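Visitor:
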Amino acid sequence: MERIRTFLKRKNIEISAKRYGVDALGAMAQGLFCTLLVGTILNTLGNEFHVGFLSATVVTVGTGEAATAYTIGGLACAMVGPAMAVAIGYALQAPPLVLFSLVPVGYATNVLGGAGGPLAVLVIAVLAAECGKAVSKETKVDILVTPIVTVLVGIGLAYLIAPPIGAAASAVGQLIMWATELQPFFMGILVSVIVGVALTLPISSAAICAALALTGLAGGAAVAGCCAQMVGFAVMSFRENKWGGLVSQGLGTSMLQMGNIVRNPKIWIPPTLASAITGPIATCIFRMEMNGTPVSSGMGTCGLVGPIGVYTGWVNDVSEGIKTAVTGMDWLGMVLICFVLPAVLTWLISVPFRKKGWIGEGDLALDA
Numbered sequence: 198m199e200r201i202r203t204f205l206k207r208k209n210i211e212i213s214a215k216r217y218g219v220d221a222l223g224a225m226a227q228g229l230f231c232t233l234l235v236g237t238i239l240n241t242l243g244n245e246f247h248v249g250f251l252s253a254t255v256v257t258v259g260t261g262e263a264a265t266a267y268t269i270g271g272l273a274c275a276m277v278g279p280a281m282a283v284a285i286g287y288a289l290q291a292p293p294l295v296l297f298s299l300v301p302v303g304y305a306t307n308v309l310g311g312a313g314g315p316l317a318v319l320v321i322a323v324l325a326a327e328c329g330k331a332v333s334k335e336t337k338v339d340i341l342v343t344p345i346v347t348v349l350v351g352i353g354l355a356y357l358i359a360p361p362i363g364a365a366a367s368a369v370g371q372l373i374m375w376a377t378e379l380q381p382f383f384m385g386i387l388v389s390v391i392v393g394v395a396l397t398l399p400i401s402s403a404a405i406c407a408a409l410a411l412t413g414l415a416g417g418a419a420v421a422g423c424c425a426q427m428v429g430f431a432v433m434s435f436r437e438n439k440w441g442g443l444v445s446q447g448l449g450t451s452m453l454q455m456g457n458i459v460r461n462p463k464i465w466i467p468p469t470l471a472s473a474i475t476g477p478i479a480t481c482i483f484r485m486e487m488n489g490t491p492v493s494s495g496m497g498t499c500g501l502v503g504p505i506g507v508y509t510g511w512v513n514d515v516s517e518g519i520k521t522a523v524t525g526m527d528w529l530g531m532v533l534i535c536f537v538l539p540a541v542l543t544w545l546i547s548v549p550f551r552k553k554g555w556i557g558e559g560d561l562a563l564d565a
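In this text, residue positions in the sequence shown follow the numbering used here: the first is 198, and each later residue adds one.
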């Protein structure tokens with residue numbers, strides 16, 4: 198047993214919840230962001246604002262009826278599997294030959310995983326990367342052995358287990374979305390609070406939403422929860438952090454408050470209660486759906502990705518005939534749920550907390 202521990206340490210193979218559940222998951226979200234999310238935004242800009250170079254076909258793959266035309270955004274979206282796998286390998290500190298070998302592994306896994314592809318990529322990229330690290334530099338023909346082992350293990354596992362992993366993840370996502378349609382009030386609270394809390398924790402709410410393919414009404418509740426955390430913390434801590442804190446938390450991430458939350462967990466209550474209110478308002482009153490890319494459901498106002506995802510969902514629904522037009526009620530709901538209500542509710546809830554001394558002076562300061 199000691200020999201195994203020594204070997205794993207020498208190979209930098211750390212079997213832990215932090216390495217796989219925080220580092221790898223967070224990196225996967227960045228891979229998603231840089232491909233699928235950016236590609237979707239570029240396609241939306243090209244189509245909505247008639248930007249020629251963004252809406253033009255730059256490459257066509259295949260011939261005849263099987264040909265697929267790609268725009269710049271389309272190419273970015275197509276590379277989501279490789280990007281996620283390489284990002285995961287980078288988080289696991291994989292050596293170069295392992296890292297580059299994860300490109301075909303990610304592509305194959307994401308395709309075979311279907312709607313639940315991101316979760317399949319997370320599991321299989323971790324296994325393939327660790328196997329590749331285990332054999333790396335162990336032979337004189339490392340340039341052959343390491344890539345071959347990584348690719349064979351990765352694509353072999355993808356063929357065997359990516360479809361069931363993807364199907365399971367998709368089924369869980371479908372169950373959540375079905376339950377939200379059935380019980381929009383209670384599920385609106387539950388989804389909004391859980392995803393919002395995940396956004397502030399040092400894990401990736403975006404990757405979770407992507408892995409579960411969370412869209413529709415449940416996606417709208419997730420957006421509400423994430424916005425409540427980000428905008429809520431930004432406004433609640435304005436007296437301590439001023440405009441810099443407002444921007445860094447409101448357009449960046451509420452995760453910046455984790456150190457303060459550990460010191461005083463009570464500061465987490467106002468934005469979380471706000472999310473419990475905005476979630477059911479989103480699902481029951483405005484019926485706000487997030488039908489863009491699932492990763493947008495877990496991004497909140499980070500780079501305005503959540504609201505942009507809601508908007509791209511409207512555009513998709515209109516083009517597919519699901520929705521006749523984007524209405525004033527749609528815009529009102531999005532503005533209230535993503536910006537106004539999180540700011541007002543969190544601030545109002547925080548006032549008695551400050552008066553009672555539950556939130557002290559400086560408890561929300563980012564430079565503390």
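Glycine residues also receive a C-beta, built at the ideal position from the N, C-alpha and C atoms. Model, not experiment: these values are computed from the prediction.
Give every residue of the same chain whose Cβ lies closer than 8 Å to the Cβ of Ile482, excluding the five residues on either side of it in the sequence, and list them in chain order.
Guide: Sequence index remark: in the sequence shown, residue 482 carries index 285 (1-based). If we look at Ile482 and ignore the five residues flanking it on each side, its Cβ neighbours are Gly530.
Visitor: Residue range of the alpha helix (DSSP H) that Val300 falls in?
Guide: Here the question's residue 300 lines up with position 103 in the sequence shown. Counting along the chain, the alpha helix (DSSP H) containing Val300 begins and ends at Pro293 to Gly310.
Visitor: Between which two residues does the beta strand (DSSP E) containing Ala266 stretch?
Guide: Mapped onto the sequence shown, residue 266 falls at position 69. Start and end: Thr265 to Tyr267.
Visitor: Where do the ends of the beta strand (DSSP E) carrying Thr257 lie?
Guide: What you label residue 257 is simply residue 60 of the sequence shown in a count that begins at 1. Looking at the DSSP string, the run of the beta strand (DSSP E) that includes Thr257 is Val256 to Val258.
Visitor: What does the alpha-carbon distance come out to for the pair Ser256 and Thr265?
Guide: The residue you call residue 256 lines up with position 59 of the sequence shown. The residue you call residue 265 lines up with position 68 of the sequence shown. A small correction: the amino acid at residue 256 is Val; Ser does not occupy that position in the sequence shown. Straight-line Cα distance between these residues: approximately 8 Å.
Visitor: Would DSSP call Met485 helix, strand or coil?
Guide: Walking along the sequence shown from the start, residue 485 turns up at place 288. Looking at Met485 - three-state DSSP - the assignment turns out to be coil, as it is neither helix nor strand.
Visitor: Quick one: Cα of Gln454 to Cα of Asn438, how far?
Guide: In the sequence shown, the residue the question calls residue 454 occupies position 257. In the sequence shown, the residue the question calls residue 438 occupies position 241. Cα to Cα, Gln454 sits roughly 11 Å from Asn438.
Visitor: So what does Gly557 bridge to, in DSSP terms?
Guide: Locating residue 557 in the sequence shown gives position 360, counting from the first residue. Gly557 pairs with nothing; no bridge assigned.
Visitor: Let's see if you can read the secondary structure: which residues bound the alpha helix (DSSP H) around Thr469?
Guide: As a first step, residue 469 must be located in the sequence shown, where it is residue number 272. Counting along the chain, the alpha helix (DSSP H) containing Thr469 begins and ends at Ile466 to Pro477.
Visitor: Would you mind sorting Leu354 into buried or exposed? The rule is 16 or more other CB atoms within 10 Å of its CB.
Guide: As a working note, residue 354 is residue 157 in the sequence shown. Classification of Leu354: buried, given that the 10 Å Cβ count is 16 or more.
Visitor: Exposed or buried, which one is Met526 when buried takes at least 16 other CB atoms within 10 Å?
Guide: Locating residue 526 in the sequence shown gives position 329, where the first residue counts as 1. Met526 comes out exposed.
Visitor: In or out: Ile491 buried (at least 16 other Cβ within 10 Å) or exposed?
Guide: Walking along the sequence shown from the start, residue 491 turns up at place 294. Sequence check: residue 491 is Pro here, not Ile. Label assigned to Pro491: buried.
Visitor: Give every residue of the same chain whose Cβ lies closer than 6 Å to the Cβ of Gly311, excluding the five residues on either side of it in the sequence, and list them in chain order.
Guide: Reading the sequence shown from its first residue, position 114 is the one you call residue 311. Cβ neighbours of Gly311 beyond the five flanking positions: Gly363.
Visitor: Using a Cβ-Cβ cutoff of less than 6 Å, which residues in the same chain neighbour Ala471 once the five nearest sequence positions on both sides are dropped?
Guide: For this step, residue 471 is matched to residue 274 along the sequence shown. The residues are Ala425, Gly429, Pro539, Leu542 and Thr543.
Visitor: What are the start and end residues of each continuous beta strand (DSSP E) run of 3 or more residues lying completely inside the region 369-407, in chain order?
Guide: Runs found: none.
Visitor: To the nearest whole angstrom, what separates the beta carbons of Met384 and Gly413, a pair I think is in contact under 8 Å?
Guide: Taking the sequence shown and counting its residues from 1, one reaches residue 384 at position 187. Taking the sequence shown and counting its residues from 1, one reaches residue 413 at position 216. Contact doesn't hold; Cβ gap of about 11 Å is too wide.
Visitor: Following the continuous alpha helix (DSSP H) through Gly417, name the residue where it begins and the one where it ends.
Guide: Here the question's residue 417 lines up with position 220 in the sequence shown. Counting along the chain, the alpha helix (DSSP H) containing Gly417 begins and ends at Gly413 to Met433.
Visitor: For Ser367, collect the residues of the same chain with a Cβ closer than 7 Å to its Cβ; drop the 5 residues on either side in sequence, then sort them by chain order.
Guide: For the purposes of this step, residue 367 is identified with residue 170 of the sequence shown, where counting begins at 1. Excluding sequence neighbours, Ser367 sits near Gly311, Ala312, Gly313 and Ala410.
Visitor: Do Ala415 and Val388 come within 8 Å of each other at the CB atom, strictly closer than that value?
Guide: Along the sequence shown, read from residue 1 onward, the residue named residue 388 stands at position 191. Along the sequence shown, read from residue 1 onward, the residue named residue 415 stands at position 218. Yes. Within cutoff.
Visitor: To which residues of the same chain is Val295 closer than 7 Å at the C-beta, ignoring the five residues directly before and after it?
Guide: As a working mapping, residue 295 is identified with position 98 in the sequence shown. Excluding residues within five positions, the ones whose Cβ falls inside 7 Å are Gly286, Ala326, Gly329, Lys330, Ser333, Thr343 and Thr347.
Visitor: Near Ile212, which residues of its chain fall below 8 Å by C-beta distance, leaving aside the five closest residues on each side in sequence?
Guide: Along the sequence shown, one-based indexing puts residue 212 at 15. Same-chain partners within the cutoff: Leu205.
Visitor: Starting from the C-beta of Ala565, find all residues in its chain whose C-beta is less than 7 Å away, skip the five residues before and the five after it, and write them out in chain order.
Guide: One-based indexing of the sequence shown puts residue 565 at position 368. Residue placement at Ala565 is flagged as unreliable, the pLDDT there being 48, under the threshold of 50; the coordinate-derived value follows with that caveat. Asn457 and Gly559, listed in sequence order.
Visitor: Of the residues Gly442, Gly417, Leu533 and Cys535, which one's Cα is nearest the Cα of Arg165?
Guide: No information on residue 165 is available, as it lies outside the stretch 198 to 565 that the chain covers here.
Visitor: Could you check the C-alpha separation between Ala275 and Phe382 for me, to the nearest Å?
Guide: If you number the sequence shown from 1, residue 275 lands on position 78. If you number the sequence shown from 1, residue 382 lands on position 185. Cα to Cα, the separation comes out at about 36 Å.
Visitor: Go to Thr241, then tell me how far its alpha helix (DSSP H) extends in each direction, as first and last residue.
Guide: Taking the first residue of the sequence shown as position 1, residue 241 is located at position 44. Unbroken alpha helix (DSSP H) run through Thr241: Val235 to Glu245.
Visitor: For Ile282 and Leu309, which I take to be in contact (beta-carbon distance under 8 Å), what is that distance rounded to the nearest angstrom?
Guide: Position 85 of the sequence shown, counting from 1, holds the residue named residue 282. Position 112 of the sequence shown, counting from 1, holds the residue named residue 309. Checking the sequence shown, residue 282 turns out to be Ala, not Ile. With 8 Å as the limit, Ala282 and Leu309 do not qualify as a contact, their Cβ atoms being about 13 Å apart.
Visitor: Would the beta-carbon of Ile269 fall within 8 Å of that of Ile505?
Guide: Working through the sequence shown from its first residue, we reach residue 269 at position 72. Working through the sequence shown from its first residue, we reach residue 505 at position 308. Taking 8 Å as the Cβ cut-off, Ile269 and Ile505 do not qualify as a contacting pair.
Visitor: Taking Pro477 and Ile386 to be in contact with their CB atoms under 8 Å, please state how far apart those CB atoms are, rounded to whole angstroms.
Guide: Counted from its first residue, the sequence shown places residue 477 at position 280. Counted from its first residue, the sequence shown places residue 386 at position 189. Right, their Cβ atoms sit about 6 Å apart.
Visitor: What residue from Ala317, Val515, Gln446 and Gly228 has the CA that sits closest to Cys499's CA?
Guide: For this step, residue 499 is matched to residue 302 along the sequence shown. That would be Gln446, whose Cα lies nearest to the Cα of Cys499.
Visitor: Helix, strand or coil for Gln227, going by three-state DSSP, please let me know.
Guide: As a position in the sequence shown, residue 227 is number 30, starting the count at 1. In this structure, Gln227 counts as helix in the three-state DSSP scheme.
Visitor: Can you check which of these residues, Val432, His247 and Leu233, is closest to Ala562 by C-alpha distance?
Guide: Position 365 of the sequence shown, counted from the first residue, corresponds to residue 562. Ala562 has its Cα closest to that of Val432, out of Val432, His247 and Leu233.
Visitor: For my contact list, Thr241 and Thr509 are in at a C-beta cut-off of 8 Å; report their separation, rounded to the angstrom.
Guide: Reading the sequence shown from its first residue, position 44 is the one you call residue 241. Reading the sequence shown from its first residue, position 312 is the one you call residue 509. That belief holds up - the Cβ atoms of Thr241 and Thr509 are roughly 5 Å apart, short of 8 Å.
Visitor: From this set, Gly422, Ala407 and Pro399, which residue's C-alpha is nearest Met452's C-alpha?
Guide: Looking up residue 452 in the sequence shown gives position 255. When each option's Cα is compared against that of Met452, the closest is Pro399.
Visitor: Quick check on this structure: which residue in Thr524, Met487, Ala403 and Ala419 has the alpha carbon closest to the alpha carbon of Ala473?
Guide: For the purposes of this step, residue 473 is taken as residue 276 along the sequence shown, with counting starting at 1. Cα-wise, what sits closest to Ala473 is Ala419.
Visitor: Give me the Cβ distance between Ala214 and Ala284, rounded to the nearest whole Å; I'm assuming they're in contact under 8 Å.
Guide: The residue you call residue 214 lines up with position 17 of the sequence shown. The residue you call residue 284 lines up with position 87 of the sequence shown. Contact doesn't hold; Cβ gap of about 19 Å is too wide.
Visitor: Between the alpha carbons of Val515 and Thr524, how many angstroms are there, rounded?
Guide: Counted from its first residue, the sequence shown places residue 515 at position 318. Counted from its first residue, the sequence shown places residue 524 at position 327. The alpha-carbon atoms of Val515 and Thr524 are separated by roughly 11 Å.
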